[in-house]
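Heads up: the structure comes next, in structure tokens.
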Amino acid sequence: MASEPTNRLGTSTSPYLLQHASNPVHWHEWGPAAFEEARERGVPIFLSIGYSTCYWCHVMERESFESDDVASVMNELFVCIKADREQLPALDDVYMAATQLMTGRGGWPMSVFLTPDTLKPFYCGTYFPAQPRQGMPGFIQVLRGLSDAYKSRTEEVVAQADKLAEGVVEYLGAQQAPVALGAKEVEAAAGALIQTHDTTDGGFGGAPKFPQPAYIEFLLDVASSADEKTRDAIDQVITHTLDRMAVGGLFDQVGGGFHRYCVDKTWTVPHFEKMLYDNAQLVSVYARAADDYSDGYYAKIVRRTLDYVLREMVGPEGQFFSAQDAEVDGREGLNYLWTREEVEQVLADDLPAVGVELYGLEETNFQDPHHPEDGPKNVLRLEDRPDRLAKQHGVSELELVTQLGSINDELLKARDQRTPAATDDKALAAWNGMMISGMLDGHALVGEQAYADAAQQAADFVLTKMRHADGSLVRDYREGKTSGEGVLEDHACMLRALLALHAAGIGEGKYFDEAKALADVIESRFADGSGGYFDTVEGGQDLFVRPRTFYDGASPSGASTLLNALVTFARLDTGGPWLGRAVGLCRSLSGRIAEQPVATINATRGLFRLLQTGTEAAGQLAQGEQLPDSTDDSAAPPPVEIYADSERLTVTDDTPAELNLVLRIAPGYHVLAAEPASPDADPSVVRSLIPLRVGLVSGQGIAVYADYPEGQPYGAEMTGSNDLRVYQGDLELRVAVEKADGIGPTPGTPILGVTFQVCTDTECLEPTTFELDVAVDIA
Numbered sequence: 001m002a003s004e005p006t007n008r009l010g011t012s013t014s015p016y017l018l019q020h021a022s023n024p025v026h027w028h029e030w031g032p033a034a035f036e037e038a039r040e041r042g043v044p045i046f047l048s049i050g051y052s053t054c055y056w057c058h059v060m061e062r063e064s065f066e067s068d069d070v071a072s073v074m075n076e077l078f079v080c081i082k083a084d085r086e087q088l089p090a091l092d093d094v095y096m097a098a099t100q101l102m103t104g105r106g107g108w109p110m111s112v113f114l115t116p117d118t119l120k121p122f123y124c125g126t127y128f129p130a131q132p133r134q135g136m137p138g139f140i141q142v143l144r145g146l147s148d149a150y151k152s153r154t155e156e157v158v159a160q161a162d163k164l165a166e167g168v169v170e171y172l173g174a175q176q177a178p179v180a181l182g183a184k185e186v187e188a189a190a191g192a193l194i195q196t197h198d199t200t201d202g203g204f205g206g207a208p209k210f211p212q213p214a215y216i217e218f219l220l221d222v223a224s225s226a227d228e229k230t231r232d233a234i235d236q237v238i239t240h241t242l243d244r245m246a247v248g249g250l251f252d253q254v255g256g257g258f259h260r261y262c263v264d265k266t267w268t269v270p271h272f273e274k275m276l277y278d279n280a281q282l283v284s285v286y287a288r289a290a291d292d293y294s295d296g297y298y299a300k301i302v303r304r305t306l307d308y309v310l311r312e313m314v315g316p317e318g319q320f321f322s323a324q325d326a327e328v329d330g331r332e333g334l335n336y337l338w339t340r341e342e343v344e345q346v347l348a349d350d351l352p353a354v355g356v357e358l359y360g361l362e363e364t365n366f367q368d369p370h371h372p373e374d375g376p377k378n379v380l381r382l383e384d385r386p387d388r389l390a391k392q393h394g395v396s397e398l399e400l401v402t403q404l405g406s407i408n409d410e411l412l413k414a415r416d417q418r419t420p421a422a423t424d425d426k427a428l429a430a431w432n433g434m435m436i437s438g439m440l441d442g443h444a445l446v447g448e449q450a451y452a453d454a455a456q457q458a459a460d461f462v463l464t465k466m467r468h469a470d471g472s473l474v475r476d477y478r479e480g481k482t483s484g485e486g487v488l489e490d491h492a493c494m495l496r497a498l499l500a501l502h503a504a505g506i507g508e509g510k511y512f513d514e515a516k517a518l519a520d521v522i523e524s525r526f527a528d529g530s531g532g533y534f535d536t537v538e539g540g541q542d543l544f545v546r547p548r549t550f551y552d553g554a555s556p557s558g559a560s561t562l563l564n565a566l567v568t569f570a571r572l573d574t575g576g577p578w579l580g581r582a583v584g585l586c587r588s589l590s591g592r593i594a595e596q597p598v599a600t601i602n603a604t605r606g607l608f609r610l611l612q613t614g615t616e617a618a619g620q621l622a623q624g625e626q627l628p629d630s631t632d633d634s635a636a637p638p639p640v641e642i643y644a645d646s647e648r649l650t651v652t653d654d655t656p657a658e659l660n661l662v663l664r665i666a667p668g669y670h671v672l673a674a675e676p677a678s679p680d681a682d683p684s685v686v687r688s689l690i691p692l693r694v695g696l697v698s699g700q701g702i703a704v705y706a707d708y709p710e711g712q713p714y715g716a717e718m719t720g721s722n723d724l725r726v727y728q729g730d731l732e733l734r735v736a737v738e739k740a741d742g743i744g745p746t747p748g749t750p751i752l753g754v755t756f757q758v759c760t761d762t763e764c765l766e767p768t769t770f771e772l773d774v775a776v777d778i779a
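Under my numbering, the letters of the sequence shown match residues 1 to 779, in that order.
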């Protein structure tokens with residue numbers, strides 16, 4: 001029996017669905033009740049997908065979903081489903097793929113029409129106006145036309161749905177055969193990003209312009225291993241892009257934090273919503289750049305962004321909220337816009353003239369195209385970095401920064417009296433994981449304890465309030481209620497966050513144990529048995545395909561996030577199965593990486609990090625081999641395992657740091673000693689062999705010394721001499737790290753490593769450099 005014809009969204013955990021709970025449309029949530037009703041009535045399904053801070057979602061609601069006339073047509077001809085893309089990301093991925101295949105573009109609100117029996121899409125679009133305009137059909141026309149087509153040409157409609165679904169399955173569900181990977185894919189991605197960099201305004205490509213933090217993070221990783229010319233080009237791309245985003249309208253100059261993207265190429269006018277995932281990723285990128293380039297302005301951007309999050313985006317239980325709306329009182333960005341007169345009225349003493357000049361209020365830069373009657377206003381932006389502006393204005397940087405801080409403080413007080421942007425107060429496991437990592441990156445950079453505390457509180461919240469008894473995560477939480485099974489993205493982002501907490505020395509091993517448990521959950525619920533991973537659990541969300549997303553867009557895919565987390569895990573726990581899983585996952589993504597190294601940029605970054613591990617991973621990726629899982633008793637242990645007794649060192653001008661290492665050399669192998677031969681030995685004995693060394697792999701600012709024990713005499717047929725010195729069994733090393741400005745192979749953050757060559761009685765393997773997962777802070 002069909003359910004009562006009424007709106008059913010009032011008990012939802014989604015703020016987006018609750019926004020539509022009073023519509024005259026008889027909305028269902030995505031689920032069996034809606035499907036059953038559509039099948040009983042013999043009508044198609046209208047699926048509308050959006051999110052709470054989406055401007056055009058608000059517009060379509062006002063024009064169509066709040067209209068009794070439009071709603072009556074929807075209710076008569078369709079079963080209508082409203083879905084939150086943030087709550088059901090796999091659902092969004094599947095139907096967005098269909099929309100893009102059919103129309104060549106995508107966006108929200110997404111409007112998709114489904115056959116009731118198979119839930120396959122037969123027609124897709126995005127925003128439809130209530131009345132025809134500018135060549136677009138009116139929404140009622142679309143509804144009646146599609147309903148008539150389904151009734152009168154059912155077989156044709158079903159055939160079209162089958163054909164479109166085949167394309168989606170091929171795009172999201174098919175597993176490509178592994179291909180060889182190596183440095184060429186990394187080099188291709190770096191070259192493409194350098195080439196597409198906007199040398200005038202920063203960023204990549206033209207308008208609309210998104211911040212693309214995954215691009216910057218990839219470039220920060222690969223810069224240290226590039227040749228000098230390429231490294232200079234990469235440094236220019238990174239710093240120019242970060243500079244222009246920070247001074248532009250993308251960054252909220254008054255309150256801190258980043259908007260979602262800009263509609264122009266100059267980073268002036270943003271699309272005003274603020275997303276937790278953007279701010280989390282950008283904080284991590286700016287923190288790394290602040291460290292690598294010793295840039296105080298970037299550090300200030302980190303502080304202001306995290307302070308904004310703590311001020312406005314933290315819930316009463318320590319969870320991070322999802323987003324803030326672009327629209328206020330029916331106007332996009334209203335509370336972020338200023339006129340010159342408003343700024344002058346707020347500021348006192350000598351600040352009005354300074355504020356007008358610094359923020360360029362002599363001319364306006366914003367006019368709402370939908371409400372020209374509102375008149376021109378300003379998005380506040382700077383023309384350049386404060387240090388350069390100070391030189392232009394003939395004042396000290398300290399004086400200018402102090403004045404700018406006072407201006408922003410006064411403007412924020414005034415802005416707080418305005419109607420605030422609505423906050424989407426649901427907590428998503430994945431986005432909380434991203435911000436936990438961002439908070440820890442900020443803490444490591446500036447030492448603010450509040451950031452570390454917020455990270456730990458959010459992690460504990462997810463582990464206690466957003467987890468099933470079997471250890472798997474739920475997708476979202478709001479006001480004491482959870483909803484939705486966690487997808488791969490949720491588990492991978494939280495895995496990364498737990499490892500970051502452990503690496504920061506928080507929790508006394510608790511979060512490392514939690515990470516191991518969560519990694520096992522990922523393996524049992526999402527692994528496909530051949531090295532790859534699905535986005536959803538089997539049978540999840542009633543989808544006609546079990547998707548595997550690979551595209552790294554506004555936020556990285558679950559698979560690429562997991563890949564990088566596994567590489568980090570392998571560095572922290574060399575005896576675990578993590579490296580084998582990482583190589584298997586990289587191979588499963590290899591076809592996509594080889595075809596589109598930029599579209600899969602976070603996976604390409606994972607490939608680069610695998611190539612840098614100093615293991616046989618590079619050869620296996622190049623030859624299509626699979627690393628054995630080290631939990632398999634039949635798999636041989638690695639020849640050398642390395643353990644450090646610290647995860648973070650701090651050196652000052654007067655105080656060095658010490659680190660103890662243990663090298664565990666497997667039976668049947670030996671490592672060339674630091675002094676592999678006596679002074680009077682025949683040089684030919686060791687001419688082609690590499691001695692053990694602990695030192696700086698990349699970065700600068702420190703000097704590294706180790707107390708190497710004397711090696712054991714070793715006579716082998718390959719040398720014909722007893723002059724060779726080697727290490728066997730367990731080897732302990734004491735390492736001293738001292739501050740020494742400018743000493744290092746490359747600019748940037750210092751990374752410690754151990755270089756060694758492993759041999760048996762009959763052959764020597766290629767020399768290996770193993771990067772230590774030990775952070776070095778230079779005070």
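In this text, a Cβ means the ideal position worked out from N, Cα and C, and glycines have one as well.
_Rounded to whole angstroms, what is the Cα-Cα separation between Lys120 and Leu114?_
5 Å
*When DSSP builds the beta bridges, which residues end up paired with Gly701?*
Ala740
*I think Pro676 touches Gly711, with their Cβ atoms under 8 Å apart; what is that distance to the nearest whole Å?*
7 Å
_Buried or exposed for Lys398, going by 16 or more other Cβ atoms inside 10 Å?_
Rather than Lys, the amino acid found at residue 398 in this sequence is Leu. That one is exposed.
*Taking Gly447 as the reference, give the member of Gly576, Ala299 and Ala459 with the closest Cα.*
Ala299
*CB Leu563 to CB Cys586, shorter than 8 Å?*
yes
*In the DSSP assignment, what residue or residues form a beta bridge with Leu810?*
There is no way to answer for residue 810, as the model of the chain reaches only from 1 to 779.
*Of the choices Gly360, Glu738, Val774 and Ser560, whose alpha-carbon is the least far from that of Leu661?*
Val774
_Between the stretch 274 to 294 and the stretch 385 to 404, can you find at least three pairs of beta-carbon atoms closer than 8 Å?_
no
*Do you know offhand how far Pro132's Cα is from Ser67's?*
16 Å
*Determine the closest residue to Phe366 out of Met96, Ile436, Glu332 and Ser530, with distance taken between C-alpha atoms.*
Glu332
*Close beta carbons around Tyr708, own chain, < 8 Å, minus the five adjacent residues each side*: Ala673, Ala674, Glu675, Leu692 and Leu733
*Any 3 or more C-beta pairs closer than 8 Å across the stretch 342 to 350 and the stretch 397 to 416*: yes
*asked:* Using a Cβ-Cβ cutoff of less than 7 Å, which residues in the same chain neighbour Leu310 once the five nearest sequence positions on both sides are dropped?
replied: Ala450 and Ala454
*Once you ignore the five residues that flank Ala246 on each side, which residues in its own chain have a CB closer than 6 Å to its CB?*
Ile301
_Nonlocal neighbours in the same chain, by C-beta distance under 6 Å from Glu217, ignoring five residues either side_ = Val285
*Under a Cβ-count criterion, where at least 16 other Cβ atoms within 10 Å of its own Cβ denotes burial, should Glu489 be classed as buried or exposed?*
buried
*Between Asn23 and Val356, what straight-line distance do the alpha-carbon atoms span, to the nearest angstrom?*
44 Å
*What residue from Arg340, Asp92 and Gly138 has the CA that sits closest to Asp69's CA?*
Gly138
*Would you give the residue range spanned by the alpha helix (DSSP H) that Arg352 belongs to?*
The sequence given here places Pro at residue 352; Arg does not occur at that position. Note, Pro352: alpha helix (DSSP H), Leu351 to Leu358.
*asked:* Which of the three DSSP states is assigned to Ala681 in this structure?
replied: Here Ala681 scores only 48 on pLDDT, less than 50, and its place in the model is too uncertain to base an answer on.
_Residue span of the alpha helix (DSSP H) that contains Val73, given as start and end_ = Asp68 to Leu77
*Sort out for me which residues DSSP pairs Arg385 with in a bridge.*
According to DSSP, which records beta bridges pairwise, Arg385 is partnered with nothing at all.
*Report the partner residues of Arg693 according to the DSSP bridge assignment.*
Thr755
*Exposure label - Cys759; buried when at least 16 CB within 10 Å*: buried
*Which ranges does the alpha helix (DSSP H) cover as unbroken runs of at least 4 residues, wholly within the stretch 362 to 450, from first to last along the chain?*
386 to 393, 397 to 415 and 429 to 446
*asked:* In the DSSP assignment, the beta strand (DSSP E) including Asp777 goes from what residue to what residue?
replied: Ala775 to Ile778
*Are the stretch 236 to 243 and the stretch 165 to 184 touching, with three or more C-beta to C-beta distances below 8 Å?*
no
*Which same chain residues, not among the five before or five after Gly256, have their C-beta less than 7 Å away from its C-beta?*
Arg304, Thr305, Asp307 and Tyr308
_beta strand (DSSP E) segment containing Asn7, residue limits_ = It is not in any beta strand (DSSP E) - Asn7 carries neither H nor E in the DSSP assignment.
_For Ala325 and Met313, what's the separation of their Cα atoms in angstroms?_
One point to set straight first is that residue 325 is Asp, not Ala, in the sequence displayed. Each residue's Cα considered, the two are about 12 Å apart.
_Cutting at 7 Å between CB atoms, please list the residues of its own chain near Leu400, excluding the five before and the five after it._
Pro386, Leu389, Ala390 and His393
_Three-way DSSP call (helix, strand, coil) for Ser721 in this model_ = Legend: pLDDT at Ser721 = 45, less than 50; position of this residue unreliable, no value from coordinates given.
*For Pro713, write down the residues that DSSP places opposite it in a beta bridge.*
Arg725
*Helix, strand or coil: which one does DSSP assign to Pro676?*
strand
*When we look at the beta-carbon of Asp682 and count the other beta-carbons within 10 Å, is it buried (16 or more) or exposed?*
Bear in mind that the predicted position of Asp682 carries a pLDDT of just 45, short of 50, making it unreliable; the figure below should be weighed with that in mind. Burial call: exposed.
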